[in-house]
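Chains as they are written, first to last, in my numbering: chain V, 9 to 629; chain E, 4 to 174.
Structure below.
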């Protein structure tokens, strides 16, 4: 099929077996690639026993998948997926990295990783050579040292073999992933992270430190090359004329999302509005940026800005920080200074932590400290809002699972459940998550930001702000599933119809937006929803309880122009009900039998009988 | 000042601090020369040895042409119009001597054909410069050649990387 090699590397780390597999063309047409294909592979391989699969056990799969548009559509990304140690469902976690283009030019569309190695290992792929290697020299290293090792040791070796080729692409885990921290990310390029889902912990559980790929071939053949070139040139022109992301990235949001839309997390989401002018964009540009345009392969948007801070004589590098990092490692922790939050962002990058989920759990802890539920004895030190050094220390404790860090490394929700038991007081109401996943830094109480009141509550990826439920359904997760499957960076998206045209020019599949929304996209959504609801083994979701917002969002906003605004439980419940109806879930939030059958998912329907029985038998007020 | 040679001969000037690393120069170069998106056969490459430090590498148009002088089969010659190095594929035996002779490490072997590939300035209107300008990065610009200056930039990209890294990041 055009746009694919239809070749996937299948590695079993337990037995060191490596093979190359293909899928039926029909499967590629139906599930596209990335998130969609990942959901299908996970269902096929693990679906029957999903509830007993430990996400951090050797039986879980780690998938690193490209899509048919990878390398063609501006901005090359991979989708990292598997059973999520945060949600116990599936999260399609996308990551910008040159590994995407190297994998495709090596002649593959993805990597399937099974089992677990008995010692630290890295995977090296050079065209058709696939090797598992001892990672003892890099296990334990942070981002910067890991990258230096790849460039100083492995790259010269590849050059010796292939001649003067360009650098390889790579993904890796930092110390956090190695220690199975559930808020650990799969990293690339120092500052790039597949954060949502906690796949850094999955990669660490497999003792896989890094994947390094070098390809020297072309991209696969496309259906209509001339048309592709015309469309590409048009996209380059359009994307490069949008000045916002290119000039400033998402960094302006660190001031503007708070000030203008009252939807930025401040002090564990107690507030969402601020007017801290010291966080205005000029302070970043003049204070920490050392380079203004930074892109990944094929991307004219260049939303990244390279930043530097010096802390105790040591140089720390990060990007932006982008809005999410600035909010979660800045305002959410009461840190309102540019250098402080840039340092925390760089530290998260260095340790291989997802800044969103880690900033979320740190804000949660700081609130418990303020409330006196956690004491100095519990933490070993005082944790006050805005104390950059204290939060840096806490981040390291989480990474290395020291002291209370061991508990917090389980992520906000799991930590909240355990703390509630230990302290005899319900602290889950301070955990700002949906289905184990931290809510993205775009609040819903003010009603002025893009997510809706029910967007996180009933999304198949929980709090993930890049996959939100919406009405009309064509403007929410059904659309996001296409981005993550094809794979296209949201920031390079212009128009859905044009995107489908682009997909058709590459693949020749003749897809229509209507068929995507009514059949293909819906099939992936239902399959992902089914796996999320089967959940287990440590936590099970009941839609009547868990298809809801964090408790905090029902508290009135205490400051700003939206003072007093909060969500209405009735309104949220009504929207969720309407959403169920529109996508084809029953009144319990479970995919309907007839819808599943019409999508050809009869076996999924059968498996969901367990969930139907569980949900119907539980008592809910 | 303007001798004929200076007017006729061109040079792609690189601004390392403006290069974003988008590598669309590689995309358009491989489309022009091979009809495919194929980064490794692009005559220009952007090396990112450390995240954010993007070093575009292509032929620097040395006036003394060490590559041409080194070629044992006379496969390389100078294009009269642009001054670029032209490869006669029928004569190139892929021995790699010219690759070793290049101070800018800009030459390489085509991974499929086994022949040397080098920037031909697209006959005078390089596609890489065009796309970089369209995108507004302007990290690549076509200028008339000042022989001594051009040669000064023809150094190992690893060295350029080290200098830029030290300048931007302080080591």
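Yeah, the Cβ is synthetic: ideal placement off N, Cα and C, and Gly gets one too.
Everything numeric in this text was worked out from a predicted model, so none of it was measured.
Review point. When the cut-off is 7 Å and only beta carbons count, does residue 364 (chain V) lie next to chain E?
Key: By one-based count along the first chain, residue 364 (chain V) stands at place 356. Chain E contact via Cβ: absent.
Review point. Of the residues V:93, V:86 and V:100, which one's Cα is nearest the Cα of residue 107 (chain V)?
Key: Translated into positions along the first chain, residue 107 (chain V) becomes position 99. Ranking V:93, V:86 and V:100 by Cα distance to residue 107 (chain V) puts V:86 first.
Exercise for review: Quick one: list the residues of chain V neighbouring residue 50 (chain E), beta-carbon separation under 9 Å, in chain order.
Suggested key: Within the second chain, the letter at position 47 stands for residue 50 (chain E). Ordered by position in chain V, the residues that pass the 9 Å Cβ test against residue 50 (chain E) are 174 and 175.
Exercise for review: Flag this pair as touching only if the stretch 185-192 of chain V and the stretch 416-435 of chain V have three or more C-beta atom pairs under 8 Å; answer yes or no.
Suggested key: They touch, by the three-pair rule.
Review point. Residue 139 (chain E) CB to nearest chain V CB: under 7 Å?
Key: Counting from 1 along the second chain, the entry for residue 139 (chain E) is found at position 136. Taking CB atoms only, residue 139 (chain E) has a neighbour in chain V less than 7 Å away.
**Study point:** Sheet register partners of residue 86 (chain V) (DSSP bridge)
**Key:** On the first chain, residue 86 (chain V) is found 78 positions in, with the first residue counted as 1. Partner(s): V:103.
Practice item. With residue 515 (chain V) as the anchor, note down where its alpha helix (DSSP H) starts and where it stops. Key: In the first chain, residue 515 (chain V) corresponds to position 507, counting from 1. Here the alpha helix (DSSP H) through residue 515 (chain V) covers 504-515.
Practice item. Could you tell me how far apart the beta carbons of residue 330 (chain V) and residue 259 (chain V) are, in whole angstroms, since I believe they sit closer than 8 Å? Key: Taking the first chain and counting its residues from 1, one reaches residue 330 (chain V) at position 322. Taking the first chain and counting its residues from 1, one reaches residue 259 (chain V) at position 251. Right, the Cβ-Cβ distance comes to about 6 Å (below 8 Å), so this counts as a contact.
Review point. According to DSSP, is residue 441 (chain V) helix, strand or coil?
Key: Here residue 441 (chain V) corresponds to residue number 433 of the first chain, with the count starting at 1. Assignment of residue 441 (chain V) by DSSP, reduced to helix, strand and coil, places it in the strand class.
Practice item. Could you tell me which uninterrupted alpha helix (DSSP H) segments, each at least 4 residues in length, are contained entirely in the stretch 23-107 of chain E, listed from first to last along the chain? Key: Taken in chain order, the unbroken stretches of alpha helix (DSSP H) that lie wholly in the stretch 23-107 of chain E and span 4 residues or more are 27-37, 69-73 and 100-104.
Check your understanding: Quick one: what does DSSP say residue 314 (chain V) is sitting in, helix, strand or coil?
Key -> By 1-based counting over the first chain, the position of residue 314 (chain V) is 306. It is a strand residue.
Review point. By a C-beta neighbour count over all protein chains shown, 10 Å radius and 16 as the cutoff for buried, is residue 366 (chain V) buried or exposed?
Key: As a first step, residue 366 (chain V) is located in the first chain; it is residue number 358 there, counting from the start. Residue 366 (chain V) is buried by the Cβ-count criterion.
Point to revise | Residue from V:469, V:486 and V:578 whose Cα sits closest to the Cα of residue 94 (chain V) | key: Residue mapping note: residue 94 (chain V) aligns to position 86 of the first chain, counting from 1. The shortest Cα separation from residue 94 (chain V) among V:469, V:486 and V:578 belongs to V:469.
**Study point:** Proximity test, Cβ basis, 7 Å: residue 303 (chain V) and chain E
**Key:** To locate residue 303 (chain V), count along the first chain from 1; it is residue 295. A Cβ of chain E is located within less than 7 Å of the beta carbon of residue 303 (chain V).
Review point. Rounded to the nearest angstrom, how far is the Cβ of residue 515 (chain V) from that of residue 231 (chain V), given a contact under 8 Å?
Key: Taking the first residue of the first chain as position 1, residue 515 (chain V) is located at position 507. Taking the first residue of the first chain as position 1, residue 231 (chain V) is located at position 223. Yes, residue 515 (chain V) and residue 231 (chain V) are in contact; Cβ-Cβ is about 6 Å, under 8 Å.
Exercise for review: Check the Cβ-Cβ distances between residue 433 (chain V) and every residue of chain E, and say whether any is below 7 Å.
Suggested key: Along the first chain, read from residue 1 onward, the residue named residue 433 (chain V) stands at position 425. Not closer than 7 Å to any Cβ of chain E, the Cβ of residue 433 (chain V) fails to qualify, so no.
Practice item. Using beta-carbon positions only, say whether residue 371 (chain V) and residue 341 (chain V) come within less than 7 Å of one another. Key: Counting from 1 along the first chain, the entry for residue 371 (chain V) is found at position 363. Counting from 1 along the first chain, the entry for residue 341 (chain V) is found at position 333. Going by C-beta atoms, residue 371 (chain V) is nearer than 7 Å to residue 341 (chain V).
Check your understanding: If you check the beta carbons only, do residue 576 (chain V) and residue 457 (chain V) fall under 7 Å apart?
Key -> Here residue 576 (chain V) refers to the residue found at position 568 of the first chain. Here residue 457 (chain V) refers to the residue found at position 449 of the first chain. At a Cβ-Cβ threshold of 7 Å, residue 576 (chain V) and residue 457 (chain V) do not count as neighbours.
Exercise for review: Measure the C-alpha to C-alpha separation of residue 145 (chain E) and residue 87 (chain E) and round it to an integer number of angstroms.
Suggested key: The residue you call residue 145 (chain E) lines up with position 142 of the second chain. The residue you call residue 87 (chain E) lines up with position 84 of the second chain. Between the alpha carbons of residue 145 (chain E) and residue 87 (chain E) lies a distance of about 13 Å.
Practice item. Please confirm whether residue 533 (chain V) and residue 619 (chain V) have their CB atoms less than 7 Å apart. Key: In the first chain, the residue the question calls residue 533 (chain V) occupies position 525. In the first chain, the residue the question calls residue 619 (chain V) occupies position 611. Contact flag unset, no.
Review point. For the candidate residues V:256, V:120, V:602 and V:164, whose alpha-carbon lies nearest to that of residue 219 (chain V)?
Key: Numbered from its first residue, the first chain carries residue 219 (chain V) at position 211. V:120 is the residue among V:256, V:120, V:602 and V:164 whose C-alpha sits nearest the C-alpha of residue 219 (chain V).
Review point. How would you label residue 497 (chain V), buried or exposed, when you count the other beta carbons within 10 angstroms and need 16 or more for buried?
Key: Translated into the one-based positions of the first chain, residue 497 (chain V) becomes position 489. By the neighbour-count rule (16 or more Cβ atoms within 10 Å), residue 497 (chain V) is buried.
Point to revise | Test: residue 428 (chain V) CB closer than 7 Å to a CB of chain E | key: Locating residue 428 (chain V) in the first chain gives position 420, counting from the first residue. Residue 428 (chain V) does not count as touching chain E.
Review point. Within 10 angstroms of its Cβ, does residue 70 (chain E) collect 16 or more other Cβ (buried), or is it exposed?
Key: Within the second chain, numbered from 1, the residue matching residue 70 (chain E) stands at position 67. It is buried - the Cβ of residue 70 (chain E) has at least 16 other Cβ atoms within 10 Å.
Exercise for review: Determine the burial state of residue 412 (chain V): buried for a count of at least 16 other Cβ atoms within 10 Å of its Cβ, exposed for fewer.
Suggested key: The residue given as residue 412 (chain V) occupies position 404 in the first chain. Residue 412 (chain V) should be labelled buried.
Check your understanding: Does any C-beta atom of chain V lie closer than 7 Å to the C-beta of residue 154 (chain E)?
Key -> In the second chain, residue 154 (chain E) corresponds to position 151, counting from 1. Taking Cβ atoms only, chain V never reaches closer than 7 Å to residue 154 (chain E), which makes this a no.
Exercise for review: Determine which residues of the stretch 142-172 of chain V have a Cβ less than 7 Å from any Cβ of chain E, and write them out in chain order.
Suggested key: Across the stretch 142-172 of chain V, CB contacts with chain E closer than 7 Å involve 155, 159, 171 and 172, in sequence order along the chain.
Exercise for review: Identify which residue in V:447, V:295 and V:309 has its Cα closest to the Cα of residue 368 (chain V).
Suggested key: Working through the first chain from its first residue, we reach residue 368 (chain V) at position 360. The shortest C-alpha to C-alpha distance from residue 368 (chain V) to any of V:447, V:295 and V:309 is the one to V:447.
Check your understanding: Any C-beta of chain B sitting closer than 7 Å to the C-beta of residue 197 (chain V)?
Key -> In summary, chain B is missing from the structure at hand, where the protein chains are V and E.
Review point. Quick one: what's got a C-beta closer than 7 Å to residue 554 (chain V)'s C-beta in the same chain, skipping five residues either side?
Key: The residue labelled residue 554 (chain V) in the question sits at position 546 within the first chain. Excluding positions up to five away in sequence, the list reads 443.
Point to revise | Cross-chain neighbours of residue 80 (chain V) in chain E, by beta carbon under 8 Å | key: Reading the first chain from its first residue, position 72 is the one you call residue 80 (chain V). Within 8 Å Cβ-Cβ: 40.
Review point. Residues of chain V with a CB under 8 Å from the CB of residue 34 (chain E): which are they?
Key: The residue given as residue 34 (chain E) occupies position 31 in the second chain. By Cβ distance, chain V contributes 237.
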